[in-house]
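A.B. asks: Take this structure first; my questions come after.
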Amino acid sequence: MPADANWLYTFIGTLLVIVAGIGLAGLLLFVWSSLYVIEVANESMRPAFKHGDRVLVWRYWPKRWLRKGQVVLVWPHKHAPGNPWALARAERRYVPFIKRIVAMEGDTVVTQLTDLHQEDQLDEARHHDSAGNRTWHIPPDHLFLRGDNRRDSVDSLVWGPVPDWCVMGIVLMKLPASIGPRSLRKETGKGVGAP
0 MPADANWLYT FIGTLLVIVA GIGLAGLLLF VWSSLYVIEV ANESMRPAFK HGDRVLVWRY
60 WPKRWLRKGQ VVLVWPHKHA PGNPWALARA ERRYVPFIKR IVAMEGDTVV TQLTDLHQED
120 QLDEARHHDS AGNRTWHIPP DHLFLRGDNR RDSVDSLVWG PVPDWCVMGI VLMKLPASIG
180 PRSLRKETGK GVGAP
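Read in numbering that gives the first Met the number 0, the sequence shown has 164 at position 165, and its numbers run on one by one without any break.
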């Protein structure tokens, strides 16, 4: 084989190794920046998650990955998407919630007045029929979210259907207590999920 051919093969091999290394480093950086460890700050998702549990959250996902039964990190507060001033104000006042998807666009959910906390029942009674039922029709690009501990949860019963752009991440798993240096508690000074 001529010397020129060896040089060319060496150059191409080195170039491929460099490109593969850069690609792998980029992939690792993307995965590292996409995973967050969040500390649960209340009992609204008991028995799945209790106060003090740490969960692994995946921040970036295609919308088509959202499914009924999935647990998500959600920011349900009413502010316009893409409005940085509203988002900055909201970040100072609120923390995100961990809730389960119980219905998606096109679904119908029937809830009862007695599902609400007693202090909310008087205000919300006007939205319920004479039997105490309320029918929710989930609009396009919205989700209906509930806490597993229904008696200790603030969720779509209060917020109504939540736009899917409010979902900040998908909860992948519960972690052992010793894992999780990058918790939201350390970033905001608060745990996640007021009731």
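Glycine included, each C-beta is placed from N, C-alpha and C at the ideal position.
Are three or more beta carbon pairs between the stretch 97–112 and the stretch 53–73 nearer than 8 Å?
C.D. replies: yes
A.B. asks: Just confirm the distance between the C-beta atoms of L174 and V36, as a whole number of angstroms; I'd bet it's less than 8 Å.
C.D. replies: Taking the sequence shown and counting its residues from 1, one reaches residue 174 at position 175. Taking the sequence shown and counting its residues from 1, one reaches residue 36 at position 37. Contact flag correct, Cβ pair sits at about 6 Å.
A.B. asks: Considering only residues of the stretch 108–176, which uninterrupted beta strand (DSSP E) runs meet the minimum length of 3 residues and lie entirely inside it, listed in chain order?
C.D. replies: 132–136, 141–145 and 166–174
A.B. asks: Is the beta carbon of V56 closer than 8 Å to that of G168?
C.D. replies: The sequence position of residue 168 within the sequence shown is 169, counting from 1. The sequence position of residue 56 within the sequence shown is 57, counting from 1. Yes, the pair counts as a contact, with Cβ atoms nearer than the cut-off.
A.B. asks: Out of curiosity, what's the CA-to-CA distance linking Y8 and L14?
C.D. replies: The residue labelled residue 8 in the question sits at position 9 within the sequence shown. The residue labelled residue 14 in the question sits at position 15 within the sequence shown. The straight-line gap from Cα to Cα measures roughly 10 Å.
A.B. asks: Grouping DSSP H, G and I as helix and E and B as strand, with all else coil, what is V18?
C.D. replies: Along the sequence shown, read from residue 1 onward, the residue named residue 18 stands at position 19. Three-state DSSP puts V18 in a helix.
A.B. asks: Got a sec, what are the start and stop residues for the beta strand (DSSP E) M103 sits in?
C.D. replies: Taking the first residue of the sequence shown as position 1, residue 103 is located at position 104. Element bounds for M103: F96 to M103.
A.B. asks: Taking just the CA atoms, how far does W31 sit from T110?
C.D. replies: For the purposes of this step, residue 110 is identified with residue 111 of the sequence shown, where counting begins at 1. For the purposes of this step, residue 31 is identified with residue 32 of the sequence shown, where counting begins at 1. If I take the Cα positions, the gap works out to 40 Å.
A.B. asks: Here's a check: name, in chain order, each residue in its chain whose Cβ is nearer than 8 Å to the Cβ of I11, leaving out the five neighbours to either side.
C.D. replies: Taking the first residue of the sequence shown as 1, we reach residue 11 at position 12. Hits under 8 Å: none found.
A.B. asks: Taking V157 and D119 to be in contact with their CB atoms under 8 Å, please state how far apart those CB atoms are, rounded to whole angstroms.
C.D. replies: Looking up residue 157 in the sequence shown gives position 158. Looking up residue 119 in the sequence shown gives position 120. Yes, they are in contact, since the Cβ atoms of V157 and D119 sit about 7 Å apart, within 8 Å.
A.B. asks: State the CB to CB distance for the pair D147 and R45, rounded to an integer number of angstroms; the pair is presumed to be in contact (CB under 8 Å).
C.D. replies: For the purposes of this step, residue 147 is taken as residue 148 along the sequence shown, with counting starting at 1. For the purposes of this step, residue 45 is taken as residue 46 along the sequence shown, with counting starting at 1. At roughly 6 Å, the Cβ-Cβ gap stays under 8 Å, so D147 and R45 are in contact.
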